[in-house]
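A.B. asks:
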Amino acid sequence: MPESTSVPPGVTTSPSTSQQVCPSTLPPAPACYGPLGEEKSPGDEWISNCHQCTCTEAQAVDCKPKECPSPPTCKAGEKLVKFKSNDSCCEIGYCEPRTCLFNNTDYSVGSSFDDPNNPCLSYTCSTTGLVAVVQDCPKQTWCAEEDRIYESNKCCYKCKRNCRTTPVNVTIKYNDCRKRIEMARCVGDCKRTVKYNYETFQLENSCSCCREEEYEFREIALDCSNGSTIPYRYRHTTTCSCLDQCEHSTAS
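For the sequence shown, the UniProt record's numbering begins at 1 and goes up steadily by one.
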């Protein structure tokens with residue numbers, strides 16, 4: 001006779017495994033599937049291949065390209081640099097000072113520097129790149145290297161000549177006023193050459209003389225006999241040069 005089991009009042013027992021009944025309804029099927037086959041419900045969002053995807057209420061996957069932030073606006077003298085990181089779908093941009101590259105050296109905008117191989121050539125870094133500036137040497141004549149006197153940057157030079165300025169004391173008189181001052185005059189010898197003249201069929205001496213080339217205006221006060229002074233302006237010779245004797249001096 002089977003053993004009876006007492007059950008407290010109000011408590012029901014569950015049927016044994018062999019007596020269980022399958023549920024009458026199954027769970028709803030997934031609305032969408034993700035890129036790896038994972039289940040997605042309406043309203044779920046995810047990133048796939050740089051696209052923003054959404055599972056819609058219509059149980060469809062809607063994907064749009066991911067929106068990227070706008071690049072920054074760079075100031076004058078700056079340039080925009082973009083790069084794409086490994087874990088980002090968007091390019092990242094930032095501003096950095098614009099520079100000019102010369103001989104593996106970066107120069108900032110507005111800076112200038114000399115060419116190491118050409119003393120008459122310099123460069124300025126601008127927003128569009130390097131701008132070359134060539135120094136002009138006016139009134140420069142050729143002479144042997146040992147006779148050259150270079151300027152500080154070793155570009156322009158003057159030739160050594162015996163023609164030079166020398167001080168001289170001069171008394172300037174104007175009406176009843178006068179003043180003794182130190183002026184400059186040109187002294188020295190210039191080279192003479194001989195050349196053949198095809199019009200006269202003979203040799204001719206090419207003669208030049210040491211004359212005033214450049215000058216500047218100076219002003220002094222003349223002392224008058226009545227005790228007063230008056231201003232007086234004159235031209236003071238600053239440089240001399242060997243000029244053809246037929247030419248007129250700039251100080252004339």
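We treat Cβ as the ideally placed atom computed from N, Cα and C, and that holds for glycine.
Would you list the residues sitting across from Phe201 in a DSSP beta bridge?
C.D. replies: Beta-bridge pairing links Phe201 to no other residue.
A.B. asks: Check whether the Cβ of Lys75 lies closer than 6 Å to any heavy atom of the ligand NAP, and answer yes or no.
C.D. replies: For the ligand NAP, the structure offers nothing, since it holds no ligand at all.
A.B. asks: Which same chain residues, not among the five before or five after Thr124, have their C-beta less than 7 Å away from its C-beta?
C.D. replies: Closer than 7 Å at the Cβ level, and outside the excluded window around Thr124, lie Ser112, Val131 and Val133.
A.B. asks: Short check: CB of Cys155 to CB of Gln135, under 7 Å?
C.D. replies: Contact: yes.
A.B. asks: Compare the beta carbon distance of Cys63 and Cys53 with 7 Å and say whether it is the shorter of the two.
C.D. replies: Yes, the Cβ-Cβ distance between Cys63 and Cys53 is below 7 Å.
A.B. asks: Given a threshold of 16 other Cβ atoms within 10 Å of its Cβ, counted over all protein chains shown, does Thr237 qualify as buried or as exposed?
C.D. replies: Per the 10 Å Cβ criterion, buried.
A.B. asks: Take Ser228 and list the residues in its own chain whose beta-carbon comes closer than 6 Å to its own, dropping the five residues that flank it on each side.
C.D. replies: Here the set comprises nothing.
A.B. asks: Which value, in whole angstroms, describes the spacing of the CA atoms of Val170 and Arg164?
C.D. replies: Cα to Cα, the separation comes out at about 18 Å.
A.B. asks: Looking at the unbroken beta strand (DSSP E) that takes in Lys158, where does it start and where does it end?
C.D. replies: Looking at the DSSP string, the run of the beta strand (DSSP E) that includes Lys158 is Tyr157 to Cys159.
A.B. asks: In chain order, which continuous runs of the beta strand (DSSP E) of length 3 or greater are located wholly inside the UniProt domain "VWFC" (30–96)?
C.D. replies: Counting only runs of 3 or more, we get 45–48, 51–55, 61–65 and 78–84.
A.B. asks: Per DSSP, what kind of secondary structure is Asp147 in: helix, strand or coil?
C.D. replies: Here Asp147 sits in helix by DSSP.
A.B. asks: List in chain order: all unbroken beta strand (DSSP E) runs of 3+ residues lying wholly within the UniProt domain "CTCK" (163–247).
C.D. replies: List check, beta strand (DSSP E) in window: 164–174, 177–187, 193–197, 202–206, 208–224 and 229–244.
A.B. asks: Using only the alpha-carbon positions, how far apart do Leu121 and Asp114 sit?
C.D. replies: Cα to Cα, the separation comes out at about 6 Å.
A.B. asks: In terms of DSSP beta bridges, what is Thr124 paired with?
C.D. replies: Its beta-bridge partners are Ser112 and Val131.
A.B. asks: Consult DSSP for Thr105 and reduce its assignment to one of helix, strand or coil.
C.D. replies: In this structure, Thr105 counts as strand in the three-state DSSP scheme.
A.B. asks: Quick one: residues in its chain with C-beta nearer than 7 Å to the C-beta of Ile181, no 5 flanking neighbours on either side, listed in chain order?
C.D. replies: Closer than 7 Å at the Cβ level, and outside the excluded window around Ile181, lie Val170, Ile172 and Ile220.
A.B. asks: Report the rounded CA-to-CA distance for Pro42 versus Cys95, giving the unit in angstroms.
C.D. replies: Cα to Cα, Pro42 sits roughly 42 Å from Cys95.
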